[in-house]
Amino acid sequence: MIDELRAQSRKVFGVRAEIVDGALFEYTGDKITKTDAKALITKFLREKAEKEEKEVKNNG
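So the sequence shown is numbered by full-length UniProt numbering: it starts at 1 and just counts up by one.
(1) Measure the alpha-carbon distance for Gly22 versus Arg6 and round it to whole angstroms.
(2) Does Val20 pass the burial test, meaning 16 or more other C-beta atoms within 10 Å, or should it be called exposed?
(3) In three-state terms, what does DSSP make of Phe25?
(4) Could you pull the start and end residues of the alpha helix (DSSP H) that Ile41 belongs to?
(5) How far does the alpha helix (DSSP H) with Asp3 in it extend, from its first residue to its last?
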């Protein structure tokens, strides 16, 4: 299931497969629902954006 979602990440979630990899990096299950995967992707992207924003503020 996870491999299928990764393969179809652009179509299903609108993101590259690498984003799915990052979002599910610490996920230990072998199956996941689309809803749960989307929630993890959203959280991952939000945290990534917040981290980059802090770096810009600290370097600017």
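Built from N, CA and C at the ideal position, the CB exists for glycine as well. Since this is a predicted model, take the numbers as computed values, not measurements.
In terms of the structure at hand:
(1) 11 Å
(2) buried
(3) coil
(4) Lys34 to Asn59
(5) Ile2 to Ala7
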